[in-house]
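Structure representation (structure tokens):
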């Protein structure tokens, strides 16, 4: 195959169990999601290291959590089949680092954290919910 400049490039051959990140999603032909979990967890760890040293105040820390790393994690979820345990493990470094910086105890119940504000929750959305399969519309 040729690239956009017309030069011939060789494509690397991967085993059916290996995943490769393409368009933000690490998919393996056999359906395993180990590569995706590792990729997202490394991103949340890197973000957690940065947020612990940031000069942001409480409100901006929480905003940063919901608008940066949470969106990074959510983006590939529609194309994956991760378990709730895997998604929780992916988000753990980010929540452990960001919640105390936002004056929220890091062991705060996730049910309340992800609960709607109308029920006295904090209104964050559980990233796992973005994996819910879309149901076809009956005409």
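In my numbering, the protein residues as written are 1098 to 1236.
The beta carbon of each residue, even a glycine, is placed where N, CA and C say it ideally should be.
Query: Do you know how far the Cα of residue 1109 is from the Cα of residue 1196?; Result: 41 angstroms
Query: With residue 1221 and residue 1141 assumed to form a contact (beta carbons below 8 angstroms), what rounded beta-carbon distance in angstroms separates them?; Result: Their Cβ separation, rounded to whole angstroms, is 15 angstroms, which puts residue 1221 and residue 1141 out of contact at 8 angstroms.
Query: Can you tell me whether residue 1139 is buried or exposed? The criterion is at least 16 other CB atoms within 10 Å of its CB, across all chains shown.; Result: exposed
Query: Assuming residue 1155 and residue 1199 form a contact by the criterion Cβ under 8 angstroms, report the distance between their Cβ atoms to the nearest whole angstrom.; Result: 5 angstroms
Query: Let's see if you can read the secondary structure: which residues bound the alpha helix (DSSP H) around residue 1134?; Result: 1131-1149
Query: Take residue 1114 as the anchor and find which of 1190, 1121, 1131, 1227 has the nearest alpha-carbon.; Result: 1131
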